[in-house]
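**Student:** To convert, count from 1 in the sequence shown and add 44; that's the numbering used here. Heads up, the beta-carbon is just placed ideally off N, CA and C, and yes, glycines get one too.
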Amino acid sequence: MAYPEQEKKYLIKSAIENFAQNNLSSQSIHLFQTLGYNTRLQDPFLEKNYKEFQNHFGEYFSEKRFNEEKALTKEWRYIDLLFQLTKNELSNQNSLFHTGKVKWQGEEKESVIETYLFFAIELSQNEYSRTELAQITREINKLFPMPVMLVFKYGNNLTLAIINRRLHKKDSQKDVLEKVTLIKDISILNPHRAHIEILFDLSIDELKRKYKFSNFVELHNAWQETLDTKELNKKFYRELSNWYFWAMSKVSFPNDLEDDTDNTKYNAESVIRMITRLIFIWFIKEKRLIPDNIFDKNELSRIIKDFREKDSKVYYRAMLQNLFFATLNQKIEDRKFANDGGYLMHRVDYGIKNLYRYADDFFIPKDDVINLFKDVPFLNGGLFDCLDNENHEGKVMYFDGFSRNPKKQAQVPDELFFSQEKTVDLSEAYFDQRKKNEKVKGLFDIFNNYKFTIAENTPIEEEVALDPELLGRVFENLLASYNPETKTTARKQTGSFYTPREIVNYMVDESLKAYLKQKLETEASMSPDDAEYGLEVLLEYTEKEHLFDIKETEILLHAIDNCKIIDPACGSGAFPMGILHKLVFILQKLDPKNESWKQIHLEKAKKETEATFQIGDKQEREERLIEINNTFDESINNPDYARKLFLIENCIYGVDIQPIATQISKLRFFISLVVDQNPDKSKDNFGIIPLPNLETKFVTANTLIGIDKPQAQGILLDSPKVKELEKMFQEVRHKLFSAKTSSAKQRLREKDRNLREEMSNILEHSGWSNKSARQLASWDPYNQNASNSFFDPEWMFGIKDGFDIVIGNPPYLESR
Numbered sequence: 045m046a047y048p049e050q051e052k053k054y055l056i057k058s059a060i061e062n063f064a065q066n067n068l069s070s071q072s073i074h075l076f077q078t079l080g081y082n083t084r085l086q087d088p089f090l091e092k093n094y095k096e097f098q099n100h101f102g103e104y105f106s107e108k109r110f111n112e113e114k115a116l117t118k119e120w121r122y123i124d125l126l127f128q129l130t131k132n133e134l135s136n137q138n139s140l141f142h143t144g145k146v147k148w149q150g151e152e153k154e155s156v157i158e159t160y161l162f163f164a165i166e167l168s169q170n171e172y173s174r175t176e177l178a179q180i181t182r183e184i185n186k187l188f189p190m191p192v193m194l195v196f197k198y199g200n201n202l203t204l205a206i207i208n209r210r211l212h213k214k215d216s217q218k219d220v221l222e223k224v225t226l227i228k229d230i231s232i233l234n235p236h237r238a239h240i241e242i243l244f245d246l247s248i249d250e251l252k253r254k255y256k257f258s259n260f261v262e263l264h265n266a267w268q269e270t271l272d273t274k275e276l277n278k279k280f281y282r283e284l285s286n287w288y289f290w291a292m293s294k295v296s297f298p299n300d301l302e303d304d305t306d307n308t309k310y311n312a313e314s315v316i317r318m319i320t321r322l323i324f325i326w327f328i329k330e331k332r333l334i335p336d337n338i339f340d341k342n343e344l345s346r347i348i349k350d351f352r353e354k355d356s357k358v359y360y361r362a363m364l365q366n367l368f369f370a371t372l373n374q375k376i377e378d379r380k381f382a383n384d385g386g387y388l389m390h391r392v393d394y395g396i397k398n399l400y401r402y403a404d405d406f407f408i409p410k411d412d413v414i415n416l417f418k419d420v421p422f423l424n425g426g427l428f429d430c431l432d433n434e435n436h437e438g439k440v441m442y443f444d445g446f447s448r449n450p451k452k453q454a455q456v457p458d459e460l461f462f463s464q465e466k467t468v469d470l471s472e473a474y475f476d477q478r479k480k481n482e483k484v485k486g487l488f489d490i491f492n493n494y495k496f497t498i499a500e501n502t503p504i505e506e507e508v509a510l511d512p513e514l515l516g517r518v519f520e521n522l523l524a525s526y527n528p529e530t531k532t533t534a535r536k537q538t539g540s541f542y543t544p545r546e547i548v549n550y551m552v553d554e555s556l557k558a559y560l561k562q563k564l565e566t567e568a569s570m571s572p573d574d575a576e577y578g579l580e581v582l583l584e585y586t587e588k589e590h591l592f593d594i595k596e597t598e599i600l601l602h603a604i605d606n607c608k609i610i611d612p613a614c615g616s617g618a619f620p621m622g623i624l625h626k627l628v629f630i631l632q633k634l635d636p637k638n639e640s641w642k643q644i645h646l647e648k649a650k651k652e653t654e655a656t657f658q659i660g661d662k663q664e665r666e667e668r669l670i671e672i673n674n675t676f677d678e679s680i681n682n683p684d685y686a687r688k689l690f691l692i693e694n695c696i697y698g699v700d701i702q703p704i705a706t707q708i709s710k711l712r713f714f715i716s717l718v719v720d721q722n723p724d725k726s727k728d729n730f731g732i733i734p735l736p737n738l739e740t741k742f743v744t745a746n747t748l749i750g751i752d753k754p755q756a757q758g759i760l761l762d763s764p765k766v767k768e769l770e771k772m773f774q775e776v777r778h779k780l781f782s783a784k785t786s787s788a789k790q791r792l793r794e795k796d797r798n799l800r801e802e803m804s805n806i807l808e809h810s811g812w813s814n815k816s817a818r819q820l821a822s823w824d825p826y827n828q829n830a831s832n833s834f835f836d837p838e839w840m841f842g843i844k845d846g847f848d849i850v851i852g853n854p855p856y857l858e859s860r
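1) Using the rule of at least 16 other Cβ atoms within 10 Å of the residue's Cβ for burial, across every protein chain shown, is Arg284 buried or exposed?
2) Below 8 angstroms on the Cβ atoms is my contact criterion, and I expect Ile123 with Phe97 to pass it. Report the Cβ-Cβ distance as a whole number of Å.
3) How many angstroms separate the CA atom of Lys145 from the CA atom of Thr130?
4) Got a sec, what are the start and stop residues for the alpha helix (DSSP H) Leu631 sits in?
5) Consult DSSP for Gln217 and reduce its assignment to one of helix, strand or coil.
6) Just to confirm, are Leu372 and Leu423 a CB contact at a threshold of 8 angstroms?
7) Between the alpha carbons of Glu567 and Leu560, how many angstroms are there, rounded?
8) Can you give me the start and stop residues for the beta strand (DSSP E) that Thr117 sits inside?
9) How is Ile206 classed by DSSP in three states: helix, strand or coil?
10) My parser needs the alpha helix (DSSP H) runs of 4 or more residues fully inside the stretch 548-626; what are they?
11) Can you name, in chain order, every residue of its own chain whose Cβ lies under 7 angstroms from the Cβ of Gln453, other than the five neighbours on each side?
12) Please report how far the alpha carbon of Lys844 lies from the alpha carbon of Lys331, in whole angstroms.
13) Whether or not the stretch 455-465 and the stretch 344-359 are in contact is what I'm after, with contact meaning three or more pairs of Cβ atoms, one per stretch, closer than 8 angstroms; do they touch?
14) Report yes if the C-beta distance between Phe381 and Lys410 is below 8 angstroms; otherwise report no.
15) Alpha carbon to alpha carbon, what distance is there between Asn493 and Leu140?
16) With which residues is Lys479 paired in a DSSP beta bridge?
17) Whole beta strand (DSSP E) runs in the stretch 686-760 with 3 or more residues, listed along the chain?
18) What did DSSP end up calling Ile227 once you bin it into helix, strand or coil?
19) Closest by CA to Asp404, which one among Lys418, Asn383, Gln169 and Phe714?
20) Assess contact between the stretch 713-720 and the stretch 798-811, defined as three or more Cβ pairs (one per stretch) separated by less than 8 angstroms. Is contact present?
21) Please report the distance separating the alpha-carbon of Ile56 from that of Leu204.
22) Work out the CA separation of Tyr54 and Glu113 for me, nearest whole Å.
23) Report whether the distance from the Cβ of Arg109 to the nearest heavy atom of the ligand ATP is below 7 angstroms.
24) Out of Arg282, Lys784, Lys439 and Asn853, which has the shortest C-alpha to C-alpha gap to Asp611?
25) Could you spell out where the alpha helix (DSSP H) holding Glu838 opens and where it closes?
26) Measuring only the C-alpha atoms, how far is Gly660 from Arg668?
27) Confirm, please, whether the CB-CB distance from Ile498 to Ile328 is below 8 angstroms.
28) Is there contact between the stretch 259-275 and the stretch 456-475, where contact requires at least three CB pairs shorter than 8 angstroms?
29) Where does Met772 sit, in a helix, a strand or coil, going by DSSP?
30) How is Thr530 classed by DSSP in three states: helix, strand or coil?
31) At what residues does the beta strand (DSSP E) containing Phe162 begin and finish?
32) For Phe162, which residues from the same chain have a beta carbon less than 6 angstroms from its beta carbon, with the 5 sequence-adjacent residues on both sides left out?
33) What first and last residue would you give for the alpha helix (DSSP H) that runs through Tyr494?
34) Among Lys608, Asp684, Asp574 and Ile644, whose alpha-carbon lies nearest the alpha-carbon of Val628?
35) Can you list, in chain order, the residues of its chain whose CB lies under 7 angstroms from that of Glu739, leaving out five sequence neighbours each side?
36) When the distance is taken between beta carbons, is Ile242 closer than 8 angstroms to Ile227?
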């Protein structure tokens with residue numbers, strides 16, 4: 045029976061909620077029947093546990109390498125075979141475990157689609173990572189000659205996992221397990237509308253309407269098309285792009301740059317910055333680190349004065365700016381309101397941008413406002429640093445507009461966040477007369493239509509949700525609007541192009557292979573062929589163990605730790621993120637328990653503290669070692685957190701000519717660290733380790749222009765004083781990377797500025813031009829609005845001997 049769309053979605057929602065009744069097999073069958081699948085081909089087994097599963101399918105176990113540890117079998121509370129779906133089921137044939145070969149769409153070779161088996165598994169813990177669920181899916185799929193779809197239940201969540209398989213290129217009797225796609229963390233108690241939409245799209249009636257399939261292979265391909273996140277992302281971009289151009293006609297941000305009389309470009313950057321901050325918040329909501337009530341219209345109407353969907357401009361000012369700058373950027377114990385007496389009476393709070401403001405905008409007392417954000421951790425990292433800063437004369441220059449002075453405040457209407465869908469004319473913004481009647485709605489309504497995941501998808505694991513890569517895509521697409529003449533012109537002028545993930549993955553693999561192969565040949569005396577083959581196995585997203593012995597493994601681990609990698613035109617961070625993910629994957633294979641990686645960094649910390657810290661800094665040295673041990677503590681963080689943190693600190697650098705680009709690159713790196721932390725409300729800062737400061741890892745500069753320095757001379761001189769200053773630079777920036785408080789960061793930034801001044805004075809008296817020396821002194825990595833006209837890796841990163849890997853797309857320049 046075919047149901048109207050809304051009724052079908054209601055039935056899907058009810059089927060999900062029925063899982064609360066704890067009869068996993070019957071509820072799973074009911075869900076698939078609701079979606080229209082023929083579930084009569086069943087062969088359930090009596091004892092619903094791993095031992096019975098093993099006995100029931102013993103013939104498959106005898107031939108396959110099933111890894112119980114990876115499959116987490118000790119955490120299986122329940123497992124059952126639900127049903128089998130075959131191409132013959134579509135013609136009402138009844139043949140359990142029928143197998144057959146079919147041709148995949150678009151492929152010449154035959155591939156094995158041995159029908160689909162559907163299993164349900166209940167797990168003992170309340171939460172599981174995407175990788176853990178994907179590993180279980182792979183291990184079960186190793187056993188059977190046909191693909192297996194799994195329904196996982198854990199705590200109050202469900203996940204559906206679907207695997208893609210292809211025929212082995214050399215052995216037609218085998219197939220290769222490829223990407224696992226997951227519809228993850230479907231809430232049983234309160235199903236997300238995005239999950240209901242995805243399941244509706246997977247229903248038989250909807251698939252037939254869109255794809256008109258007539259056999260199993262076409263059904264399989266329809267599943268793959270429906271679960272393709274590229275289509276999900278495109279839909280999101282279209283909605284967000286309309287919102288962006290609508291917002292550009294509504295907002296106004298202060299801009300105190302004296303040389304910029306046209307505010308259009310700055311408003312564009314400010315809106316993009318606001319979008320990326322809010323998208324980041326939607327990501328970390330997945331970790332339950334941000335309360336939902338501050339985005340709820342009904343709640344807000346009793347909290348904020350004059351809050352309305354139309355005409356008012358109080359929500360961004362009172363709620364979002366206080367969330368950004370006074371909550372996420374302030375330690376929990378230090379959160380308070382700035383004094384309201386004005387500059388002369390309360391000079392102590394002048395220019396301090398991480399204290400709450402706008403008390404008069406609230407119905408509730410100040411303490412209750414602070415209490416709204418009581419469960420939000422301090423994140424640090426410069427992620428939500430307010431860009432309103434004092435200049436060298438002590439005057440605050442306004443850009444974000446977090447101010448008690450109405451003339452310096454950002455003007456952002458409430459309707460941009462909460463408006464119901466309406467039609468607007470965007471033809472002028474798009475330069476397209478067909479865009480006169482475009483649909484727009486409040487930003488939060490757009491966000492709520494999608495599921496966000498904080499783990500970036502990889503070639504072997506993909507969640508049907510919006511992942512952090514979309515930050516990059518949003519930036520690359522919206523950046524084109526800067527030039528009011530044509531979007532194309534703007535993109536050409538800035539060299540901004542989004543590189544497809546497949547190209548990123550290929551270039552990352554080839555770059556790492558070339559670097560590591562050279563290390564194996566020179567330091568391990570391996571033959572080129574052996575090194576090449578070993579690295580191919582190591583870099584492959586497969587279950588194969590790596591082929592290197594203990595010595596070769598140690599050489600590779602140290603080579604990774606010492607590798608210096610730069611993207612000279614990083615844009616939104618596609619290549620730096622790609623190389624981070626691949627290096628983490630390699631470390632997982634080489635050092636699965638993180639033992640060697642931990643020892644490398646403990647030994648390095650001991651040497652660094654002995655070399656740079658003064659004798660009286662014993663406590664600081666001890667704190668550094670405790671910090672490293674905590675980083676590797678798996679009760680606090682997932683193992684990948686320690687892998688990522690030290691790769692980011694020691695190996696990866698990015699440069700872009702546009703400040704907003706480097707900010708978005710940093711955002712993606714911040715998200716990649718947050719994903720591997722385990723929130724715990726009973727711990728300090730709710731178990732969240734504050735993020736590192738990445739200002740000297742991703743810098744704004746023009747890599748096509750070097751500094752004007754004397755001929756045949758390195759940027760810095762070979763003198764005892766210069767060497768001493770270099771060492772002090774390293775110490776300051778090393779400490780700044782992990783500085784947690786605003787006062788500590790400010791103190792270290794000031795010291796950095798003084799060191800730059802001192803160094804430029806030495807250079808000026810050593811044959812440098814006054815202009816070049818001043819250029820060096822004026823370079824400020826901590827000013828997020830600044831764009832520097834030159835680039836030099838030694839001055840900016842302390843790297844004298846070049847980079848081991850230079851990767852990325854170069855700026856695209858128009859030939860003349």
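**Tutor:** Let's see:
1) Per the sequence presented here, residue 284 reads as Leu, with Arg not at that position. Leu284 is buried by the Cβ-count criterion.
2) 5 angstroms
3) Bear in mind that a pLDDT of 42 at Lys145, under 50, signals an unreliable position, so the model cannot answer this.
4) Ala618 to Leu634
5) Confidence is the limiting factor: at Gln217 the pLDDT is only 45, short of 50, which leaves the residue's position unreliable, though a coordinate-based value still follows. Coil, per DSSP.
6) yes
7) 10 angstroms
8) Premise fails: Thr117 is in no beta strand (DSSP E) and is neither H nor E.
9) strand
10) 572-583 and 594-606
11) Arg361, Gly445 and Ser447
12) 41 angstroms
13) yes
14) yes
15) Summary for Leu140: the model assigns pLDDT 36, below 50, so the residue's position carries little reliability, and this model does not support an answer.
16) For Lys479, which the question treats as bridged, DSSP gives no partner whatsoever.
17) 696-700 and 742-744
18) strand
19) Asn383
20) no
21) 14 angstroms
22) 39 angstroms
23) No copy of the ligand ATP appears in this structure; indeed no ligand is present at all.
24) Asn853
25) Pro837 to Phe841
26) Low local confidence applies: a pLDDT of 48 at Gly660 is under 50, so the model's placement there is unreliable, with the coordinate-based value given in what follows. Gly660 and Arg668: Cα-Cα distance of roughly 14 angstroms.
27) yes
28) no
29) helix
30) With a pLDDT of only 41 at Thr530, under 50, the local geometry of the prediction cannot be trusted, and the value read off the model is given with reservation. Thr530: coil per DSSP, three-state reduction.
31) Tyr160 to Leu167
32) Leu126, Phe127 and Met193
33) Here Tyr494 belongs to no alpha helix (DSSP H), and DSSP marks it neither H nor E.
34) Asp684
35) Gly426, Pro825 and Tyr826
36) yes
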